[in-house]
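Working notes, beginning with the structure itself.
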Amino acid sequence: MRITIFNGSPHKEQGNTHIMVEAFTAGAEEAGAEVETIFLAGRKINPCIGCLACWFKTPGQCIHRDAMDELLPKITTTDVVGLATPLYVDNVSGIMKNFMDRLIPLVDPHMEPDEHGETRHIRVHDKPQYLLAISNCGFPEQSHFEVLRVLFRRVARNMSCRLLAEFYRGGGPLLSTSNPNLLPFVEQYKMLLHGAGSEMVRNLGLSKETIARLEQPLMPNTDYAEVYRQRINQRFDERLAEAGHL
Ligand SMILES: Cc1cc2nc3c(=O)[nH]c(=O)nc-3n(C[C@H](O)[C@H](O)[C@H](O)COP(=O)(O)O)c2cc1C
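Per our numbering, residue 34 is the first one in the sequence shown, and the count goes up by one each step.
Dropping the structure here:
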């Protein structure tokens with residue numbers, strides 16, 4: 034199985050999103066998958082201007098000559114397209130949305146009913162068959178991914194592929210903590226992601242039990258969100274003081 038993960042965080046290798054991607058990748062590779070990660074930040078990807086030249090003037094080819102010339106063939110030659118993004122204002126990052134809009138040359142403008150009787154465009158390419166979603170966010174609760182859960186389900190339907198797995202992590206900044214008291218919880222979560230990466234590749238999906246474990250808070254405390262808020266607020270005050278604002 035070939036998995037190509039597009040990372041839409043501006044922090045690239047330094048980001049919390051990448052920490053999740055790395056743990057997932059280690060597990061997926063252990064189960065035999067070939068995984069490539071592509072950082073979208075810093076690449077020249079012009080926004081779609083909606084001219085539809087890619088449909089009617091030069092079918093399959095966008096008018097922009099930029100990084101998408103190299104990236105679109107990666108979509109059509111992989112088995113799993115992974116979209117990894119930080120949560121930005123309850124959505125994917127702008128970098129990721131820009132990339133997603135530019136996928137439109139991959140579809141035929143003609144419409145057909147899907148298996149639910151809902152209209153979609155006719156797909157030009159056989160691949161990818163599967164979609165994978167990875168995201169983390171700054172607030173501690175899993176409820177902040179409400180929009181992404183719907184979005185990626187709809188995107189999979191739009192792209193005529195199956196949503197193979199979703200990995201969402203509230204309290205994402207904890208993933209890059211250096212606090213020794215918190216490291217065991219982070220390591221435990223990374224192990225969980227690692228195992229889930231293997232499971233996804235072996236079983237073409239995740240069990241209900243694995244999904245439930247992935248959704249647990251990073252720390253077992255019942256007042257986890259309050260502890261998290263206090264720690265983060267304290268850290269923010271330190272940073273503001275360092276910058277001379279407090
Ligand atoms: C512009 C912007 C918008 C954000 N919006 C949200 C949000 O709506 N909800 C949330 O929980 N975190 C939000 N965050 C926090 C990020 O999701 C969080 O810092 C995440 O760990 C960043 O991942 P990265 O290190 O891979 O870039 C936002 C951050 C930025 C910079």
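C-beta atoms are modelled at their ideal positions from N, C-alpha and C, and glycine is treated no differently.
Distance from M53 to L251 at the Cβ level is roughly 12 Å; contact not present, criterion being Cβ atoms closer than 8 Å. By the criterion of a C-beta distance shorter than 7 Å, M101 is surrounded in its chain by I78, C95, R135, once the five residues flanking it on both sides are discounted. Taking each of I128, E103, Q263 in turn and checking the Cα distance to G41, the smallest one comes out for I128.
Collapsing the DSSP output to three states places A61 in a helix.
An exposed status is given to L279, since fewer than 16 other beta-carbon atoms sit within 10 Å of its beta-carbon. At least one heavy atom of ligand 1 lies less than 7 Å from the C-beta of P119. Taking all protein chains shown into account, T50 has 16 or more neighbouring C-beta atoms within 10 Å of its C-beta and is therefore buried. Secondary structure in the segment 161-189: the beta strand (DSSP E) runs of 3 residues or longer, each lying completely within the stretch, are 163-169 in chain order. The count of Cβ pairs closer than 8 Å, one atom from the segment 84-91 and one from the segment 118-132, stays below three, leaving the stretches out of contact.
Of P43, V125, S211, N236, the smallest CA-CA separation from R264 is found for S211. Looking at the DSSP output, I38 shares a beta bridge with T70, G115. Checking the DSSP bridge columns, you'll see A198 partnered with L165. Per DSSP, D134 lies in no beta strand (DSSP E); the unbroken alpha helix (DSSP H) holding it starts and ends at 127-134.
DSSP, read as helix, strand or coil, puts M224 in helix. Burial of S126 is indicated by the presence of at least 16 other C-beta atoms within 10 angstroms of its C-beta.
Rounded to the nearest whole angstrom, the C-alpha separation of P217 and R202 is 16 Å. Excluding the 5 residues flanking it on each side, K107 has same chain C-beta neighbours closer than 6 Å at T37, in chain order. Note that the segment 158-172 touches the segment 107-126; at least 3 beta-carbon pairs, one per stretch, sit closer than 8 Å. Between D256 and S176, the alpha-carbon positions lie close to 16 Å from each other. Taking C-beta atoms as the reference points, R190 and R246 fail to come closer than 8 Å. Buried is the label assigned to M233, since at least 16 other Cβ atoms lie within 10 Å of its Cβ. Exclusion of F72 from the 7 Å shell around ligand 1 follows from its C-beta lying no nearer than that to any non-hydrogen atom of the ligand.
One thing to note: L105 has its Cβ within 8 Å of the Cβ of L139. DSSP places I52 in the helix class (H, G or I) of the three-state scheme.
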